[in-house]
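Here the sequence shown stands for residues 33 to 279, where the numbers follow our numbering.
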Amino acid sequence: MSEVKIKNHLLDHGRKLFKAKKTFSDFTGIKEADVLLNDIDNYPHAFVIGCVMDRQMRAELAWAIPYRFLEKLDHFDLPKLAKLSQSQVYKLMTKPEPLHRFPDEMSNNFHQAIKKIKNEYKGDASIIWNNTPSSAEVVYRFMQFRGVGPKIATMAANILARDFKIKFSDYYSIDISVDVHVRRVFRRLGLVPDKVSTDELIYKARALYPDFPGLMDLPAWEIGRNWCKPKQPLCDDCYMGKLCPSN
Ligand code: SF4
């Protein structure tokens, strides 16, 4: 089966997801935490802090950190958060139990992110993505936050565009965010060889669809999560079944 057909089928599903109406996004599995993260009109900084925390631990727990702060402080208001000292943030991050695997580093990242939003974005994190910026500009702005690398920055831009329906002037710089699911599905679909580096995967997605490489991210991730299991893939249920060389 040709690579073009496989790519087009994957992209068709990506487009459907991209064009779908805005829905409530499940980041944490905790209703109240997800309400906060989905409220990007009133709490855009909660989404940014979720991105900043999303490193080296289970994503669901990392994304819940803004809500854990809200529980402890009884608010998640930017002006009040900006008044917290680094040691106060550290205390909130660590007591009574650590909220993150790396509480020292993440307290610092949290504190710096809030300061940055206050000082550089007038306390309004939505300035990062409002007024139809280019995808490269949004990825760059996220990468300016302490601890945020290209993977998280491009994931943030992808979520904003795909799930929150934020308009960008282009989508060239939104890459796939490589994880175990995306890697396994790209491999089994024959789009990349068995041994492939993360950079090679990212460039393969760019080569397949330069206009918006990240459009293949969610379809590949969903296939991996739902059907393309590591040991016993459920090929009969997978919509790529008829095209997939591994089936
Ligand atoms: S058809 Fe099977 S092997 Fe291919 S992507 Fe789907 S679940 Fe994975």
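All C-beta atoms in this analysis are idealised placements derived from N, C-alpha and C, irrespective of residue type, glycine included.
Might you give, ordered along the chain, the residues of its own chain that have their beta carbon closer than 6 angstroms to the beta carbon of Glu169, omitting 5 neighbours on each side?
Here residue 169 refers to the residue found at position 137 when the sequence shown is read from its first residue. None.
Rounded straight-line distance, which links the Cα of Leu275 to that of Asp226
As a first step, residue 226 must be located in the sequence shown, where it is residue number 194. As a first step, residue 275 must be located in the sequence shown, where it is residue number 243. For Asp226 and Leu275, the distance between alpha carbons rounds to 18 angstroms.
Gly288 - containing alpha helix (DSSP H), residue span
Nothing in the structure corresponds to residue 288, since the chain is present only between 33 and 279.
Are Lys197 and Phe177 closer than 8 angstroms when you measure CB to CB?
Counting from one through the sequence shown, the residue named residue 197 turns up at place 165. Counting from one through the sequence shown, the residue named residue 177 turns up at place 145. No, these two residues do not count as a Cβ contact at 8 angstroms.
Leu42 to Met272 span [Cα, whole Å]
Stepping through the sequence shown from its first residue, residue 42 is reached at position 10. Stepping through the sequence shown from its first residue, residue 272 is reached at position 240. Spanning the two alpha carbons is a distance of roughly 8 angstroms.
Which residues in the same chain as Asp269 place their Cβ atom closer than 6 angstroms to its Cβ, once the five residues preceding and following it in sequence are excluded?
Numbered from 1 along the sequence shown, position 237 holds the residue referred to as residue 269. The residues are Trp259.
Touching by the beta-carbon criterion (3+ pairs, under 8 angstroms), the segment 186-201 and the segment 106-119
no
Counting only the same chain and skipping the five closest in sequence on each side, list residues whose C-beta sits under 6 angstroms from that of Ser139.
Against the sequence shown, residue 139 aligns to sequence position 107. Closer than 6 angstroms at the Cβ level, and outside the excluded window around Ser139, lie Val121, Tyr122, Met125.
List the whole-angstrom C-beta distance separating Ala145 from Val84, where the pair is believed to meet the contact cut-off of C-beta under 8 angstroms.
The sequence position of residue 145 within the sequence shown is 113, counting from 1. The sequence position of residue 84 within the sequence shown is 52, counting from 1. The pair is a contact, with the Cβ atoms about 5 angstroms apart (cut-off 8 angstroms).
With respect to 7 angstroms, is the separation between the Cβ of Ile28 and the closest non-hydrogen atom of the ligand SF4 below this value?
In the structure displayed, the chain extends from 33 to 279; residue 28 sits before or after that span and is not available.
Within the segment 130-212, ranges of the beta strand (DSSP E) (whole runs, at least 3 residues)
none
On the DSSP letters alone, give me the boundaries of the alpha helix (DSSP H) that Leu124 sits inside.
Start at 1 with the first residue of the sequence shown, and residue 124 comes out as number 92. Where Leu124 is concerned, the enclosing alpha helix (DSSP H) stretches over 118-126.
Where His339 sits in the DSSP three-state scheme
This structure gives no information on residue 339, because the portion of the chain shown stretches from 33 to 279.
Output the distance between the C-alpha atoms of Lys127 and Glu152, rounded to the nearest integer angstrom.
By 1-based counting over the sequence shown, the position of residue 127 is 95. By 1-based counting over the sequence shown, the position of residue 152 is 120. Distance between the alpha carbons of Lys127 and Glu152: 30 angstroms.
Using the three-state DSSP reduction, which class does Gly256 fall into: helix, strand or coil?
Walking along the sequence shown from the start, residue 256 turns up at place 224. Note: Gly256 maps to helix in three-state DSSP.
Give a yes or no on whether the C-beta atoms belonging to Ala237 and Ile191 are separated by under 8 angstroms.
Counting from 1 along the sequence shown, the entry for residue 237 is found at position 205. Counting from 1 along the sequence shown, the entry for residue 191 is found at position 159. No. Outside cutoff.
Counting only beta-carbon separations shorter than 8 angstroms, does Tyr204 have a partner in chain C?
In the structure shown, chain C does not exist; there is a single protein chain.
Confirm the yes/no value for this check: CB of Ile81, any heavy atom of the ligand SF4, distance under 7 angstroms.
Your numbering for residue 81 matches position 49 in the sequence shown. No, Cβ of Ile81 sits at least 7 angstroms from all heavy atoms of the ligand SF4.
According to DSSP, is Asp71 helix, strand or coil?
Reading the sequence shown from its first residue, position 39 is the one you call residue 71. DSSP places Asp71 in coil when its eight states are reduced to three.
Among Asp195, Leu247, Ile160, nearest to Asn40 - alpha-carbon criterion
Start at 1 with the first residue of the sequence shown, and residue 40 comes out as number 8. Looking at the Cα atoms, Leu247 is the closest of the given residues.
Can you tell which of Glu35, Ile38, Phe50 has its C-alpha closest to the C-alpha of Phe244?
As a working note, residue 244 is residue 212 in the sequence shown. Minimum Cα distance to Phe244 is reached at Phe50.
Could you check if Ala259 belongs to the surroundings of the ligand SF4, using beta carbon to heavy atom distance under 7 angstroms?
Start at 1 with the first residue of the sequence shown, and residue 259 comes out as number 227. Residue identity differs from the one stated: residue 259 is Trp in this sequence, not Ala. Answer for Trp259: yes, Cβ within range of the ligand SF4.
Which same chain residues, not among the five before or five after Tyr99, have their C-beta less than 7 angstroms away from its C-beta?
Sequence index remark: in the sequence shown, residue 99 carries index 67 (1-based). Within the same chain, Tyr99 has close Cβ partners Ile62, Glu64, Ala65, Leu68.
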